[in-house]
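Take the position in the sequence shown, starting the count at 1, then add 558; the result is the number in the numbering used here.
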Amino acid sequence: MAESFLFNIAERVLEKIAHLAVEELRLAFCVKSDLRKLQETMTSIKAVLLDAERQQHQNEKLRLCMWKLRDIFYDAEDVLDEFHCEALRKQVVNHPGISTKVRFLASCSFPLSFSLKVGHKIREIHQRLDELDTEWKSFNLGQGGDNRHVIHRETHSFVNSSDVIGRDVDKENIINRLMEPSKAGDIPVIPIVGIGGLGKTTLAQLVYNDDRVTRLFPLKIWVCVSEEFTLARLLKLIIHSVNEKEKCDDSTVEALQTCLRRLLNDKKFLLILDDVWNEDRGRWIEFRDLLKSMGDFSQSKIIVTTRSREVAKIMSSIHPYELNGLPHDECLTLFAKWAFNDGDERQHPNLMRIGEE
Numbered sequence: 559m560a561e562s563f564l565f566n567i568a569e570r571v572l573e574k575i576a577h578l579a580v581e582e583l584r585l586a587f588c589v590k591s592d593l594r595k596l597q598e599t600m601t602s603i604k605a606v607l608l609d610a611e612r613q614q615h616q617n618e619k620l621r622l623c624m625w626k627l628r629d630i631f632y633d634a635e636d637v638l639d640e641f642h643c644e645a646l647r648k649q650v651v652n653h654p655g656i657s658t659k660v661r662f663l664a665s666c667s668f669p670l671s672f673s674l675k676v677g678h679k680i681r682e683i684h685q686r687l688d689e690l691d692t693e694w695k696s697f698n699l700g701q702g703g704d705n706r707h708v709i710h711r712e713t714h715s716f717v718n719s720s721d722v723i724g725r726d727v728d729k730e731n732i733i734n735r736l737m738e739p740s741k742a743g744d745i746p747v748i749p750i751v752g753i754g755g756l757g758k759t760t761l762a763q764l765v766y767n768d769d770r771v772t773r774l775f776p777l778k779i780w781v782c783v784s785e786e787f788t789l790a791r792l793l794k795l796i797i798h799s800v801n802e803k804e805k806c807d808d809s810t811v812e813a814l815q816t817c818l819r820r821l822l823n824d825k826k827f828l829l830i831l832d833d834v835w836n837e838d839r840g841r842w843i844e845f846r847d848l849l850k851s852m853g854d855f856s857q858s859k860i861i862v863t864t865r866s867r868e869v870a871k872i873m874s875s876i877h878p879y880e881l882n883g884l885p886h887d888e889c890l891t892l893f894a895k896w897a898f899n900d901g902d903e904r905q906h907p908n909l910m911r912i913g914e915e
């Protein structure tokens, strides 16, 4: 659904605001102030968007509120793009012989009339966000507690590769990363980032079941983390994936790490952490340090799938693998595969045209 894009849109808007600030554009003081206020408001909203995205399926009012937010976010992105387009236009006019974009924004001075016009649009956006503020706060997002509706999504490692269309290149790219040498003393983490429904889990499944990966890693572990990222729960899930006969439901973290150390036994492993939502840096560091204390697993690898770029930044120092949508022709092939029996699409040209649109 469209609201699945909200978190990614918010990140994109904040990145564009930060870019304007870094480039030190010559803007009217009031515009800089408006941008700063918008950044603060967007940051506050983004902090609970993942929680909102989980809850909106059980709350019609929240879902409608998120649709309103989506429209506001798109308008905010359009306004910020106006700055960039105007800067590009001025660069072409003032320096027609220069092809590089390096540092051109830093010297860009906008006319006062342009700054005030765009500044007015920013204030309108902020006003629309303020109007939603009371409704947004009424949902008590991000507060946790016993009344919070927690969804435990389940995924698995199996995939029928013949049902997958258009991910061969992505699979090879991830496998190539798995085969790269690692630095001693660390466990490399490869984040796969993309919006909901794009195929991150499917891509991880394809990699997990590839024969080369099986030969490379004697031990493969699949864990669906979902929204509850606690150390004890994560250790239990990993232990159960390695050996489902292990009884550890009531164990302490100390007992769990002893059990996991015994099961890993210095083996080279591939750990898939699927559908990670939690952005708590401290929890990830705690888990990473615990793994490091169990032995030298520098030749092991971890793959993380997530919608959140912030999760990717927290969990890995390397650039995340950004999963994009399929090309138009492959989308149409996928549509035909799931909408019709094999070959029947030729009997329904009207439906194919609708699918193409």
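Yeah, the Cβ is synthetic: ideal placement off N, Cα and C, and Gly gets one too.
Predicted model, so just to flag it, every value in this text is computed and none were measured.
| Under the three-state DSSP convention, the category Thr713 falls into | coil
| query | What residues are listed by DSSP as bridge partners for Ile779? | reply | Leu829
| message | Looking only at its chain, what residues have a beta carbon closer than 8 Å to the beta carbon of Ala742, apart from the 5 residues adjacent to it on each side? | response | Asp854, Ser856
| Under the rule that 16 or more other beta-carbon atoms within 10 Å means buried, what is Lys803, buried or exposed? | exposed
| message | I believe Ser784 touches Trp835 by the beta-carbon criterion, under 8 Å. Please report the beta-carbon distance rounded to the nearest angstrom. | response | 7 Å
| Helix, strand or coil at Ser784 according to DSSP, with G and I counted as helix | Reduced to three states, the DSSP call for Ser784 is strand.
| message | I need the DSSP call for Val834, collapsed to helix, strand or coil. | response | strand
| Closest to Ile797 by CA distance: which of Asn734, Arg819, Ile630 is it? | Arg819
| message | Would you call the region 865 to 885 in contact with the region 742 to 758, where contact means no fewer than 3 C-beta pairs closer than 8 Å? | response | yes
| message | If you reduce the DSSP assignment to three classes, tell me which class Thr692 lands in. | response | helix
| task | Specify the secondary structure class of Lys679 as computed by DSSP and reduced to three states. | result | helix
| query | How should Ser719 be labelled, buried or exposed, when 16 other C-beta atoms within 10 angstroms of its C-beta is the threshold for buried? | reply | exposed
| said: For a test of the three-state rule: what should DSSP assign to Ile732, helix, strand or coil? | reply: DSSP places Ile732 in the helix class (H, G or I) of the three-state scheme.
| query | For Phe716, which residues of its own chain have a beta-carbon under 8 Å away from its beta-carbon, when the five flanking residues on both sides are left out? | reply | Gln763, Asn767
| task | Please report the Cβ distance between Gly757 and Arg725, rounded to the nearest whole angstrom; I am assuming they are in contact, meaning their Cβ atoms lie under 8 Å. | result | 6 Å
| message | For Ala634, tell me which candidate among Lys825, Glu682, Lys695 has the shortest Cα-Cα distance. | response | Glu682
| task | Go through its chain and collect everything with a Cβ distance to Lys825's Cβ below 6 Å, but skip five positions before and after it. | result | Pro776, Leu777
| request: Indicate whether Glu611 and Leu687 have their beta-carbon atoms separated by less than 8 Å. | output: no
| query | Hey, out of Val606, Leu596, Ser740, whose CA is closest to Ser696's CA? | reply | Val606
| field | Cβ-Cβ separation, Gly677 to Val571 (assumed contact under 8 Å), whole Å | value | Not a contact, Cβ separation roughly 16 Å.
| query | When DSSP labels each residue in this structure, what does Val606 get in the three-state scheme? | reply | coil
| query | Do you know offhand how far Asp592's Cα is from Asp609's? | reply | 27 Å
| field | Neighbourhood of Pro878 by C-beta distance below 6 Å, restricted to the same chain and skipping five residues each side | value | Pro749, Val751, Ala870
| request: Measure the alpha-carbon distance for Trp842 versus Lys604 and round it to whole angstroms. | output: 20 Å
| request: Take the Cβ of Val771 as the centre, count every other Cβ of all protein chains shown within 10 Å, and call the residue buried at 16 or more, exposed below. | output: buried
| query | For Ile567, which residues from the same chain have a beta carbon less than 8 Å from its beta carbon, with the 5 sequence-adjacent residues on both sides left out? | reply | Arg628, Phe631, Tyr632, Glu635
| Bounding residues of the alpha helix (DSSP H) (the contiguous stretch that carries Ile796) | 789 to 800
| field | Beta-carbon proximity of Met737 to Leu774, cut-off 8 Å | value | yes
| request: Report all residues from its chain with a CB closer than 7 Å to the CB of Arg661; omit the five preceding and five following residues, and keep chain order. | output: Residue confidence is low: Arg661 scores 42 on pLDDT, short of 50, so the model does not pin down where it sits. No coordinate-derived value is stated.
| query | With DSSP run on the structure shown, which of helix, strand or coil describes Val811? | reply | helix
| task | Between the Cα of Thr599 and those of Ile732, Lys850, Ile680, spot the shortest distance and give me the residue it belongs to. | result | Ile680
| Counting along the chain, where does the alpha helix (DSSP H) carrying Ile872 start and finish? | 867 to 873
| task | Please confirm whether Thr863 and Thr759 have their CB atoms less than 8 Å apart. | result | Taking 8 Å as the cut-off, the Cβ atoms of Thr863 and Thr759 count as close.
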